[in-house]
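Take the position in the sequence shown, starting the count at 1, then add 1; the result is the number in the working numbering.
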Amino acid sequence: SSHKVSDEALHVGNPLEFKHQIRVCNAFPDMGALDIYLGAKCLTGELPMAYKSCRDFAAPLKSGDTLEFRLGDKSKGTFSVADLPNS
């Protein structure tokens, strides 16, 4: 027997939201531990990143966002998100 699926059963209420993960490595030699900020939010929290360390962050990134790398209260550089994959 065949089953018919109604149009209502195929309706998706919310568009898919992709969760992006970013890996950051501290390659700033002899500068101490870095904090990483997305806007005003400190992604590294209470644990700044030591030289040669890498961490993964599950941040809600979108095109146009800027990550800022800080040593204490001084900015050491930024990374701007130009585009993201859809999946």
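We put the CB at the ideal spot given by N, CA and C, even for glycine. Since the model is a prediction, treat every value here as computed from it, not as a measurement.
Check, Outcome
"Is the beta carbon of Val-82 closer than 8 Å to that of Ser-64?", "yes"
"Buried or exposed: Asp-84, going by 16 or more other Cβ atoms within 10 Å of its Cβ?", "exposed"
"Apart from the five residues on each side of it in sequence, which residues of its chain come closer than 6 Å, Cβ to Cβ, to Tyr-38?", "Glu-69"
"Distance check for Leu-35 and Gln-22, CA to CA, integer angstroms please.", "19 Å"
"Let me check one thing: in DSSP terms, what residues is Asp-57 bridge-paired to?", "Arg-24"
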